[in-house]
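K.L.:
This is the structure, below, for whatever I ask next.
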Amino acid sequence: MLAVFKRELQSYFYSAIGYVFMGCFLVIAGIFFTFGNVIQASSSLGTLFSNITFIFILIVPILTMKLMSDERKSKTDQLLITSPLSLWSIVVGKFLAACAVFALTLVCTGVYVIILSAYGNVSAMEVFVNYLGFFLMGSCLIAIGLFISSTTENQVAAAITTFGAILFLYLLDSIIASMSSVTMLGWLCTALEWVSLFARFIDFSSGILSLTGVIYMISFAGIFLMLTVHTIEKRRWSEG
Amino acid sequence: MIELKHVTKRYGAKCAVNDISFTINKGEVLGFLGRNGAGKSTTMNMITGYISASEGQILLDGMDVLEQPREVKRRIGYLPEQPPLYMDMTVEEYLKFVCDIKEVRKKSQKAHLDDLYNLVKITDVRHRLIKNLSKGYKQRVGVAQALVGNPDVVIMDEPTVGLDPKQIIEIRKLISGLGENHTVVLSSHILHEVADVCDRVVIINKGQIVAQDSLANLTHGIGEGIRMIVRVVGPEKPVTRLLRDVPGVKDVETMGVKETGSMDYLVESDAKTDVRRPLVNAVLAAGYSLLMLKPMDVTLEDIFLQLTSEEKGGY
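Protein chains in written order, with the working numbering: chain E, 7 to 246; chain R, 54 to 368.
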């Protein structure tokens, strides 16, 4: 697993993908930090993270589009699958590499915390919870992107589908709200609330460490990793 | 060492591999021969565990590929038709990565890689990016990755496709050398390649095995008679009649003029009778001159065409 993780992390920075991801994130986050925190003299990191959750719609597809699809297209999956590595270690290695790039990007935003703590009151616990929630949510979306990438060998198709899936999750709360007036669809609203990832982030952005939220997000990512392994395994057995 | 038992792989209605069974013995170089689309790659992908068989069982020293994948995969090195190379890595980085995933101990990696560089002659390009290498070098890096971890079995799917003649000779030499320490399975649709390097041949056509034997046995068993080319100076019809009348001769066919003033004939005789002496005597006694008598060996091409031709249709 460590070998796959290292190779994947390396490949992010051998190509432009790692830099594009980090660049996009930091530019958008920087704009929101400047106008939302610095100019408005707010020390709330939670507000900043809440305001920039839309960023995932744009940048997660960049990070995940080639993770599995490129292996299939260039046939390097033959090397991985015929090696003694288990499918789980391949998938988890790749997932952790994408998460590491995301984590590295978040580390760069640590400078915001330094600035905020220099000029205002910042609670270390609140900052930790904000970061934890934001990282876990990003990881869940990366898991979705990884799964979608495993279903196709076309990177562009993977990116567009991931974009659509995250956009759907982003809009899910508005969709649920608009549907709630229809009594007949109550059951559907309840079902959709279960998969509303962005709603789970609200507690974290308010600085509340919710164990349920942590478990929910870890399980959410775990399910998509399992689906990814299942997709690859199914293809090996495919008779289609 | 490797045993395939009634292995079938279906893709929808199409049967890519249909109930094949054969054994690969320890230490042999086995040629896996078939036309494009005959089922060679599918079979190799199943042996290496890349895809699963729809039916049947594949065993390596008694271990099932699907039940004990880790143990089996540890002992197999695989070079697929398209070498699985990461273009953004240097040769050294790539092979180190392969060492890691194939669980080669860190301590012995350097020495192992140095041996591989020398064996496949890539020492001078080891710091170059794989994407900048020529096709021949990429293929060698592919061979090197198959040999990482010194596996007992090396499986190569059409290793010389797309290479220039010099590179082909080099890769073949390399494969012949591998046969000394490894069990090698080599697929190809190029017949003389298999004839050059393999001890035994399995011929597959339309997903079914149509022959499996040593090269000597295959070339011996095929064809009902012995064929030879005879070059005679003399009028065509009387010479043909004369040759046909030699006891043991089954058929005579005119092949045309290859040397001015003479004619070449393809003479097919009964395998049990040596017709050379009576044939030479008959030609000379009739007053014609004999310029050449050349026995024609049955080639792998003959076997291959006979076994895989549409008309005869396999089994």
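Backbone N, C-alpha and C fix where the C-beta goes; we use that ideal spot for every residue, glycine too.
(1) Among Phe62(E), Ile45(E), Ala124(E), which residue has its Cα nearest to the Cα of Phe31(E)?
(2) Chain R beta carbons: is any one of them nearer than 7 Å to that of Gly24(E)?
(3) Count the other CB atoms, across all protein chains shown, that sit within 10 Å of the CB of Thr126(R); report buried if there are 16 or more and exposed otherwise.
(4) Using a Cβ distance threshold of 8 Å, determine whether the segment 50 to 59 of chain E contacts the segment 103 to 118 of chain R, with at least three qualifying pairs required.
(5) Tell me Cys68(R)'s beta-bridge partners as DSSP assigns them.
(6) Tell me which residues of the segment 99 to 113 of chain E have at least one Cβ-Cβ distance to chain R shorter than 8 Å, keeping chain order.
(7) Along chain R, in chain order, which residues have C-beta atoms closer than 8 Å to that of Leu91(E)?
(8) Short of 7 Å Cβ to Cβ, which residues in the segment 116 to 127 of chain R face chain E?
(9) How is Thr345(R) classed by DSSP in three states: helix, strand or coil?
(10) Report buried or exposed for Ser161(R), applying the criterion of at least 16 other Cβ atoms within 10 angstroms of its Cβ.
(11) Is the shortest distance between the beta-carbon of Asp141(R) and the beta-carbons of chain E less than 7 Å?
(12) Check the Cβ-Cβ distances between Pro300(R) and every residue of chain E, and say whether any is below 7 Å.
(13) Assess, as a yes-or-no matter, whether the segment 234 to 245 of chain R is touched by the segment 200 to 215 of chain R under the definition of 3 or more beta carbon pairs within less than 8 Å.
(14) Identify whether Asn258(R) lies in helix, strand or coil by the three-state DSSP scheme.
(15) Would you call the CB atoms of Ser74(R) and Glu134(R) closer than 7 Å?
(16) In chain order, which continuous runs of the alpha helix (DSSP H) of length 4 or greater are located wholly inside the segment 159 to 204 of chain E?
(17) So which of Leu217(E), Tyr20(E), Leu231(E), Trp193(E) has the shortest CA-CA distance to Ser95(E)?
(18) Chain R beta carbons: is any one of them nearer than 7 Å to that of Trp200(E)?
(19) Just grab the DSSP bridge partners of Ser2(E) for me.
(20) Given that a residue counts as buried once 16 or more other Cβ atoms are within 10 Å of its Cβ, and exposed if not, what is Glu77(E)?
(21) Classify Ala227(E) as helix, strand or coil using the three-state DSSP reduction.
(22) In three-state terms, what does DSSP make of Tyr318(R)?
(23) Counting C-beta neighbours from all protein chains within 10 Å, is the total for Pro137(R) 16 or more, i.e. buried, or is it exposed?
(24) Please tell me whether Arg248(E) has its Cβ less than 7 Å away from any Cβ of chain R.
(25) Compute the Euclidean distance between the alpha carbons of Met345(R) and Ile282(R), then round it to the nearest angstrom.
(26) Would you give the residue range spanned by the alpha helix (DSSP H) that Asp153(R) belongs to?
(27) I'd like the span of the alpha helix (DSSP H) that includes Gln16(E), first residue to last.
(28) Determine whether the beta carbon atoms of Val247(R) and Val254(R) lie at a separation below 7 Å.
(29) Strictly under 7 Å for the Cβ-Cβ distance: is Ser17(E) near chain R by that measure?
(30) Taking 7 Å as the limit between beta carbons, can you name the residues of its chain near Ile148(E), skipping five residues before and five after?
(31) Taking the alpha carbon of Val235(E) as the reference point, which residue from Thr196(E), Ser202(E), Gly99(E) has its own alpha carbon closest?
(32) Does any residue of chain E have a CB that is nearer than 7 Å to the CB of Phe150(R)?
(33) By the three-class DSSP mapping on this structure, what secondary structure does Leu182(R) have?
P.N.:
The relevant details are as follows:
(1) Mapped onto the first sequence, residue 31(E) falls at position 25. Closest option to Phe31(E), Cα to Cα, is Phe62(E).
(2) Stepping through the first sequence from its first residue, residue 24(E) is reached at position 18. No, its Cβ sits nowhere closer than 7 Å to a Cβ of chain R.
(3) Along the second sequence, one-based indexing puts residue 126(R) at 73. The residue you asked about is not Thr; residue 126(R) is Lys in the sequence shown. Lys126(R) should be labelled buried.
(4) The segment 50 to 59 of chain E vs the segment 103 to 118 of chain R: no contact.
(5) In the second sequence, residue 68(R) corresponds to position 15, counting from 1. The partner list for Cys68(R) (beta bridge, DSSP) reads Arg63(R).
(6) Per Cβ criterion, the list is empty.
(7) In the first sequence, residue 91(E) corresponds to position 85, counting from 1. Here the neighbours are Ile154.
(8) Within the segment 116 to 127 of chain R, the residues whose Cβ lies closer than 7 Å to some Cβ of chain E are Arg123, Lys126, Arg127, listed in chain order.
(9) Position 292 of the second sequence, counted from the first residue, corresponds to residue 345(R). Position check: residue 345(R) holds Met in this sequence, whereas Thr was assumed. Here Met345(R) sits in strand by DSSP.
(10) Translated into positions along the second sequence, residue 161(R) becomes position 108. It counts as exposed.
(11) By one-based count along the second sequence, residue 141(R) stands at place 88. Closer than 7 Å to some Cβ of chain E, the Cβ of Asp141(R) qualifies, so yes.
(12) Position 247 of the second sequence, counting from 1, holds the residue named residue 300(R). Output row for Pro300(R): interface = no.
(13) Contact between the segment 200 to 215 of chain R and the segment 234 to 245 of chain R is present, because at least three Cβ pairs lie under 8 Å.
(14) Here residue 258(R) refers to the residue found at position 205 when the second sequence is read from its first residue. DSSP places Asn258(R) in strand when its eight states are reduced to three.
(15) Numbered from its first residue, the second sequence carries residue 74(R) at position 21. Numbered from its first residue, the second sequence carries residue 134(R) at position 81. No, these two residues do not count as a Cβ contact at 7 Å.
(16) Entirely contained in the segment 159 to 204 of chain E, the alpha helix (DSSP H) runs reaching 4 residues are, in chain order, 161 to 185, 192 to 200.
(17) Walking along the first sequence from the start, residue 95(E) turns up at place 89. Each of Leu217(E), Tyr20(E), Leu231(E), Trp193(E) was checked against the Cα of Ser95(E), and the nearest Cα belongs to Leu231(E).
(18) Sequence index remark: in the first sequence, residue 200(E) carries index 194 (1-based). No, because no Cβ of chain R sits closer than 7 Å to the Cβ of Trp200(E).
(19) Missing from the structure shown is residue 2(E); chain E here goes from 7 to 246 and no further.
(20) Within the first sequence, the letter at position 71 stands for residue 77(E). Burial state of Glu77(E) is buried, judged by a 10 Å Cβ sphere holding 16 or more other Cβ atoms.
(21) Stepping through the first sequence from its first residue, residue 227(E) is reached at position 221. If DSSP states are grouped into helix, strand and coil, Ala227(E) belongs with the helices.
(22) In the second sequence, counting from the first residue as 1, residue 318(R) sits at position 265. The answer is strand: DSSP assigns Tyr318(R) an E or B state.
(23) Mapped onto the second sequence, residue 137(R) falls at position 84. Of the other Cβ atoms in all chains shown, 16 or more fall within 10 Å of the Cβ of Pro137(R); this residue is therefore buried.
(24) This structure leaves residue 248(E) out entirely; chain E is present only between 7 and 246.
(25) One-based indexing of the second sequence puts residue 345(R) at position 292. One-based indexing of the second sequence puts residue 282(R) at position 229. Spanning the two alpha carbons is a distance of roughly 8 Å.
(26) Here residue 153(R) corresponds to residue number 100 of the second sequence, with the count starting at 1. Segment 144 to 154, the alpha helix (DSSP H) holding Asp153(R).
(27) Reading the first sequence from its first residue, position 10 is the one you call residue 16(E). Going by DSSP, Gln16(E) is part of the alpha helix (DSSP H) stretching over 8 to 20.
(28) Here residue 247(R) refers to the residue found at position 194 when the second sequence is read from its first residue. Here residue 254(R) refers to the residue found at position 201 when the second sequence is read from its first residue. If you check the CB distance, Val247(R) and Val254(R) come in under 7 Å.
(29) Numbered from its first residue, the first sequence carries residue 17(E) at position 11. By this cut-off, Ser17(E) is an interface position.
(30) Position 142 of the first sequence, counted from the start, is the residue given in the question as residue 148(E). Taken in chain order, the residues that qualify are Val66, Leu69, Thr70, Phe101, Ala104, Cys105, Phe108.
(31) Taking the first sequence and counting its residues from 1, one reaches residue 235(E) at position 229. Ranking Thr196(E), Ser202(E), Gly99(E) by Cα distance to Val235(E) puts Gly99(E) first.
(32) The residue you call residue 150(R) lines up with position 97 of the second sequence. Output row for Phe150(R): interface = yes.
(33) Translated into the one-based positions of the second sequence, residue 182(R) becomes position 129. Here Leu182(R) carries a strand assignment [DSSP, helix/strand/coil].
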